[in-house]
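Presented below is the structure to which this report refers.
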Amino acid sequence: MPKNILLVRDRDFFLHVFQMAELLTAAGHRVTVLNTYSQDIEPLYQDLIEKTRALGVRCLLVRDERLEPGTIRARLKSLVLRCRIGLKNSVITKSKIRAARTLLCAEQFDTIIAYDPVSLFLACRLFPNALNKIIDYRIEVIEEGHPSFQSSPTVRSFVDFERKVLTRLNALLIQDRYRAALLLKNSTQDARGVKVIHFPVSVRGPACKAQARGLYDIILQENVRTRILFFGGLWSPNLLEQLHNVSERLAEDEVLIIHGGRGTVNADEVVSKNLIVVRRPVAFEHLDELISSAHIGLALYPERDPNSRYTAYSSEKIARYTKAGLPFIAFANEDYEYLRKMTGCCVLVTSYEQVPDAIKEIRENYERYRRNAFRAFQKIYDIEIASRDLVEFLAGPQRELVSILK
1 MPKNILLVRD RDFFLHVFQM AELLTAAGHR VTVLNTYSQD IEPLYQDLIE KTRALGVRCL
61 LVRDERLEPG TIRARLKSLV LRCRIGLKNS VITKSKIRAA RTLLCAEQFD TIIAYDPVSL
121 FLACRLFPNA LNKIIDYRIE VIEEGHPSFQ SSPTVRSFVD FERKVLTRLN ALLIQDRYRA
181 ALLLKNSTQD ARGVKVIHFP VSVRGPACKA QARGLYDIIL QENVRTRILF FGGLWSPNLL
241 EQLHNVSERL AEDEVLIIHG GRGTVNADEV VSKNLIVVRR PVAFEHLDEL ISSAHIGLAL
301 YPERDPNSRY TAYSSEKIAR YTKAGLPFIA FANEDYEYLR KMTGCCVLVT SYEQVPDAIK
361 EIRENYERYR RNAFRAFQKI YDIEIASRDL VEFLAGPQRE LVSILK
C-alpha cells in the first residue's frame with residue numbers, strides 16, 4: 001500500500017536524499033523532502049534539488065535566519081555556545097522548526113526518515129507524538145572513537161540524544177551488521193533491541209560493461225597504461241603523501257590517478273610520469289562514465305576510527321567501482337574480509353607498501369577479478385537489491401504508538 005513518506009535532512013541536500021526519494025517514488029510512495037540549512041546551497045546540491053523535484057517530489061527548503069554579527073541575539077548565541085548550554089538548539093534553531101512547521105502545514109506522514117543525529121533531533125521536535133514513525137538513517141557512525149565525538153560537545157550532545165530516543169523509534173537504517181554493532185555498542189540496553197534494517201550504500205544499475213573514454217584520456221593523451229584510480233575526498237595530507245609514494249613504485253605501464261574532489265587537503269593538479277592529481281568537479285550523472293575509464297580502484301580509508309574502518313558496505317566509491325567492473329584494493333579488516341570472501345572483488349593489504357604487489361596480483365588475474373567486481377555489484381551494490389529489506393519494511397504495517405518525547 002502506498003505511504004506518505006517524509007525525508008528530513010539538516011545541512012546539505014546530498015546524494016543519499018535524492019537516491020531515497022527516487023527509490024521510494026518508484027515504489028509508488030508519495031515522498032516529501034524537508035531540508036533545513038544555514039549556508040548558501042552549493043550548485044552541485046541545487047542541481048540535486050532540481051532533479052528531485054523532477055521526480056514529482058516536494059522539496060521544502062528552510063534556511064535558518066541570519067544573525068547579523070554584533071547584534072544582541074548573535075552575542076547571546078555565542079555566549080550560550082561558550083557555556084555549552086542548549087547545544088542542540090543552537091543547530092536546530094527555533095526559526096528552523098517554526099518555518100518547517102509552517103511548510104508542513106500539520107500534514108500527517110506514515111513514515112519519517114531522518115538522516116543522522118542532527119536530522120533525527122529535528123524530526124523528533126517536529127513530530128514529538130509520532131516517534132514510532134521515525135526511522136533513524138545513519139550514514140556516518142560517530143561514537144566514542146570518532147574524532148568529532150572527542151572534540152565537539154555539540155556532536156556528543158546529538159549522539160546522546162539519539163541513544164536516549166532510539167528505543168522509541170520505528171527502526172534504525174544502517175549499512176551492515178558491523179556498523180550497527182558499532183553504533184549500538186554504547187547505547188542503552190533497551191536501545192539495542194531496536195529494529196535494524198541493513199541498507200548498503202548503493203547506486204542504480206545497470207552495470208557499466210564497456211570501458212569509457214573521457215577526461216583521463218584527455219589528460220593522459222594516450223590509452224595504453226593501466227590506470228589505478230583513487231576517487232574521493234582527500235581528507236589527510238598523510239594520505240596524499242602515501243599515495244605519492246605508491247606512485248613512485250608503480251611499473252612503467254601503470255599510472256595512479258588521484259581525483260580528489262571535495263576534501264580538506266589542497267592539492268594542486270599534477271601530471272607527471274606515474275601520477276595525476278585531478279581536482280575538477282564532476283557532475284553526478286558523469287561519475288560512472290569517468291570511473292569506468294579506469295582499470296583498478298583504491299579504497300584506502302584511514303584506520304583512525306571505526307567509522308572509517310568499516311566502509312566495505314558504506315562507500316559510494318566502492319559501489320561505483322563495482323558497477324564499472326573495477327577490482328579494488330582496500331585495507332584488511334573483518335568488514336572487507338567478509339566482502340572478499342563473499343565476492344572475490346578485491347585484494348586486501350595491511351599497509352601502503354603492499355599496494356604495488358596487490359596491483360600486480362589483480363593484473364595477473366584481471367578478467368577474474370573484473371567478473372567478480374560485476375558480481376559484487378549485482379549481488380550487493382545495485383540499489384534495487386540493496387534496498388529490498390527497506391522497501392519490504394515500509395510496505396508492512398506500522399508499529400503501535402509509543403510515548404511522547406519528553
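Numbered by the working numbering, the letters in the sequence shown go through residues 1 to 406 in order. Built from N, CA and C at the ideal position, the CB exists for glycine as well. Note that this is a predicted model, so its numbers are computed, not measured.
Per DSSP, V282 lies in no alpha helix (DSSP H) and is assigned neither H nor E. Per DSSP, T93 lies in no alpha helix (DSSP H) segment and is marked neither H nor E. The shortest C-alpha to C-alpha distance from L234 to any of R388, Y366, D288, L298 is the one to L298. A Cβ-Cβ separation of about 5 Å places I362 in contact with Y369 under the 8 Å criterion.
According to the DSSP assignment, T343 belongs to no beta strand (DSSP E) but to the alpha helix (DSSP H) extending over 334 to 343.
Between L173 and I135 a beta carbon distance of about 5 Å is seen, short of the 8 Å cut, so the two are scored as contacting.
By the CB criterion at 7 Å, N4 and F109 fall inside the cutoff. A residue is called buried when at least 16 other Cβ atoms come within 10 angstroms of its Cβ; S151 does not meet this threshold and is exposed.
M1 counts as exposed, since fewer than 16 other C-beta atoms from the protein chains shown sit within 10 angstroms of its C-beta. In this structure, I92 sits away from D116, with a CB-CB distance that is not shorter than 7 Å. Counted as a single uninterrupted DSSP element, the stretch harbouring N4 is not any alpha helix (DSSP H) but the beta strand (DSSP E) occupying residues 4 to 10. Counted as a single uninterrupted DSSP element, the beta strand (DSSP E) harbouring T111 occupies residues 111 to 115. Here C59 is bridged, per DSSP, to V33. Scanning the segment 287 to 337 for uninterrupted alpha helix (DSSP H) segments of 4 residues or longer gives 287 to 291, 306 to 309, 316 to 323, listed from N- to C-terminal end.
Residue pairing of D382 in beta bridges, as defined by DSSP: V203. In this structure, the CA atom of Q242 is about 14 Å from the CA atom of N274. Taking the Cβ atoms as the reference, L55 lies roughly 16 Å from L34, outside the contact range of under 8 Å. Assignment of C346 by DSSP, reduced to helix, strand and coil, places it in the strand class. When only Cα atoms are considered, S236 and S148 end up about 15 Å apart.
Boundaries for E254: no alpha helix (DSSP H) harbours it, while the beta strand (DSSP E) harbouring it runs 254 to 259, taken from the DSSP string. L172 is bridged by DSSP to D136, V196. Looking at the backbone, the Cα of R192 and that of N89 are separated by about 27 Å.
Between Y313 and Q175, the gap from beta carbon to beta carbon is short of 7 Å.
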